[in-house]
Amino acid sequence: MVGLVRTGTKNLRNLAVTVFFLTAPIFFAQANNVEEDSTETFKPGEMIMHHVQDTHEFHLWGELAMPLPVILWTDHGLDVFMSGGFYHGDGTVETSKGSYVMHHEKIYYAGVHGGEHGEAEEVHAAMPLDFSITRNVFSLLMSFALISWLFISIANSYKKRGSKSAPKGAQSFFEPIILFVRDDIVIPNIGEKKYEKYLPYILTLFFFIWINNLIGLVPFFPGGSNLSGNIAFTFTLSLLTYIIVQFSGNKAYWKHIFWMPGVPVPVRFILAPIELLGTVSKAFALMIRLFANITGGHIVVLSLASMVFLFKSYIVGGVVTPFVLFIMVLELLVAAIQAYVFALLTSLFIGMAVADDDHH
Amino acid sequence: MELLTPSVGLVFWTTIAFLLLVFILTKFAWKPILQTLRIREESIEEALKAADLAREEMAELKSDNEKLLAEARAEREQLLKDAGKVASGIKEDAKKEAEAITKRMMEDAKASIEAEKQSALAEVKNQVADLSIEIAEKIIRKSLGDDKAQKALVNEFLKDKSFN
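Line order of the protein sequences matches chains W and A. Per this note's numbering, the very first residue in the first sequence carries number 118; after that it's consecutive. Per this note's numbering, the very first residue in the second sequence carries number -7; after that it's consecutive.
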């Protein structure tokens, strides 16, 4: 930290901003603390799980939360309403299409069991399909807008400035990253001849994961959602990668799966199911890796911050805050590394699927 | 387990958002960006190649110049040498001619001197002969002025001539 301060007043200001941002989870945690202290003692586990999972409202500060639209596909068709009702009053929402209750962020038909539910009853209650704009979906749409705006404006500055002049501003920040993705991730793995078809997908994938990771690290509204650490998010991206890899697979790729050259015939029969499973496990590993890294990071930061409220001591706060800072900076690195790894492995898998069969 | 169960809604929205993003960015961002980058890389490559070519041409030009210069220098040397040779030839010739002329002049001079000498000598001889005759005449005339002297002379002659 001394080193950071020494590098000048501009850095000092940046440092102050950073410290403010990074200690914000403590305020955030405090908000939860206040909320829950009124009824029971602070439970860090609950707070953390609440944070890393999806919710139907966006918590702002203190008692204040932004209700989000609930979109349900019910037995009677589409039902759209705001989520506020689930968090206030008796927690039952009645619409013209039916009445619903929410338990642990899951929406059930209220039916005969309306109102307070025990866990056993909940499990058996019927559920409508939930397409709500949850906190993660909200964050997703926001990042969608942000990324579109960012890269289209960069593309416009490319169009405006042409190929003869040097990049400027955001353009000069992102150009080396775009070139890095192209020259160090995509081309070495897929090859000069075939990379162009896949480059836009992998570029989008890289920036989509990276920027969502970063938004997740912002500790307050509109950041702080654990979108890129949500299994549904990582599942979708790895599923798309899986589909692209299988559809890109050439003859040699499939031959290596179902009829492995260079091994005795009986072994080929044993290898086929293993190889087939291998195609799935690669995508599965992609899904778990991103999920675990980002969720793990969130949990570590929140656990450290929770210590302040468990011990209720300024000394612990003084010790823990630098730790939170350290982990947050580490998470900034992890955010980029995980985006890089996801893009790298995706290109690697595509590269394996489209590789010419010339090494036998 | 809750954490590890993908929810239908988020999968749905992520799929839509991501695919839409891939489509939009491919059309409006990646294509123009990558195209511009490619054009720029190509133009840089071309510029580098052109610079290399220019450098080679410069080197060629320089070597050509040097060759020309060397040729010119050699020619100049040749010219100088030739000129020197011609000059020394002319000098030699002039010297020879001068020598020849001198020699001829000397010979002419000698010849004319000889001729003068001869003619002078001849004249002297003639004059001496004339003088001798004159003197002899005068002497004879004087000494034979009287008979006695004539007789004496005749005697003299006769004396010399012995009649044997």
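Idealized CB from N, CA, C, for every residue including glycine. Remember, predicted model here, so these are calculated numbers, not experimental data.
Query, Result
"Contact with chain W by A:E(-6), beta-carbon distance below 9 Å", "yes"
"Candidates W:L195, W:V218 and W:I250: closest to W:T172 by CA position", "W:I250"
"Given 8 Å, three or more beta-carbon pairs between the region 275 to 285 of chain W and the region 23 to 41 of chain A", "yes"
"Coarse secondary structure for W:V210, derived from DSSP in three states", "strand"
"Buried versus exposed, by CB contacts within 10 Å (16 or more), W:I224", "buried"
"Whole-angstrom distance between W:A400 and A:K23, CA atom to CA atom", "28 Å"
"W:D171: CB within 8 Å of a non-hydrogen atom of the ligand NAP", "Ligands displayed in this structure: none; no statement on the ligand NAP is therefore possible."
"Proximal chain W residues relative to A:L13, where beta-carbon distance stays under 8 Å", "F261, I264, S265, T321 and F325"
"Any C-beta of chain W under 9 Å from that of A:A9", "yes"
"Contacts around W:K479, its chain only, beta-carbon distance under 7 Å, and the 5 residues preceding and following it disregarded", "This structure cannot settle anything about residue 479 of chain W, because the visible part of chain W is limited to 118 through 477."
"Beta carbon proximity, A:A170 to chain W, threshold 9 Å", "In the structure displayed, chain A extends from -7 to 156; residue 170 of chain A sits before or after that span and is not available."
"CA-to-CA distance, W:V303 to W:L461, given in whole angstroms", "7 Å"
"Delimiting residues of the alpha helix (DSSP H) encompassing A:A243", "For chain A, the structure presents residues -7 to 156; residue 243 of chain A sits outside this window and is missing."
"Within-9 Å CB hit, W:L316 to chain A", "yes"
"Where W:A460 falls: helix, strand or coil (DSSP)", "helix"
"W:G215 to W:N329 span [Cα, whole Å]", "35 Å"
"Assigned exposure category for A:I116 - 16 Cβ within 10 Å defines buried", "Checking the sequence, you will find Val at residue 116 of chain A rather than Ile. Exposed, by the Cβ-count rule."
"W:I188 in three-state terms, based on DSSP", "strand"
"Residues of the region 40 to 70 of chain A with Cβ closer than 7 Å to any Cβ of chain W, in chain order", "none"
"Three-way DSSP call (helix, strand, coil) for W:K478 in this model", "The structure shown has nothing for residue 478 of chain W, since chain W only spans 118 to 477."
"Beta carbon proximity, W:G179 to chain A, threshold 9 Å", "no"
"Interface flag, W:E292 vs chain A, CB-CB below 9 Å", "yes"
"Sub-9 Å separation of W:Y204 and W:A182 beta-carbons", "yes"
"Partners in chain A for W:D247, counting only beta-carbon separations shorter than 8 Å", "S(-1), V0 and G1"
"Boundaries of the alpha helix (DSSP H) in which W:M424 is found, first to last residue", "V382 to F428"
"Beta carbon of W:I271 nearer than 9 Å to that of W:A287", "yes"
"W:M377, enclosing beta strand (DSSP E) - first and last residue", "First-last for W:M377: undefined, no H or E at that position."
"Whole-angstrom C-beta distance between W:I326 and W:A456, which should lie under 8 Å", "4 Å"
"Test item: CB-CB of W:I357 and A:T7 under 9 Å", "Checking the sequence shown, residue 357 of chain W turns out to be Leu, not Ile. Their beta carbons are under 9 Å apart, which means W:L357 touches A:T7 by this criterion."
"Status (buried if at least 16 other CB within 10 Å, exposed otherwise) for A:M50", "exposed"
"Proximal residues, the region 347 to 370 of chain W versus chain A, C-beta separation under 9 Å", "N347, I348, A349, F350, T351, F352, T353, L354, L356 and L357"
"Extent of the continuous alpha helix (DSSP H) to which W:V303 belongs", "Element bounds for W:V303: n/a, residue is neither H nor E."
"A:L(-5) and W:T353 closer than 9 Å at C-beta", "no"
"Proximity below 9 Å, CB of W:F175 to CB of W:F324", "no"
"Where W:Y275 meets chain A, residues with beta-carbon distance less than 7 Å", "P24, I25 and T28"
"9 Å Cβ cutoff, W:K183 in contact with chain A", "First, the residue type needs correcting, since residue 183 of chain W is Met and not Lys in the sequence shown. No, because no Cβ of chain A sits closer than 9 Å to the Cβ of W:M183."
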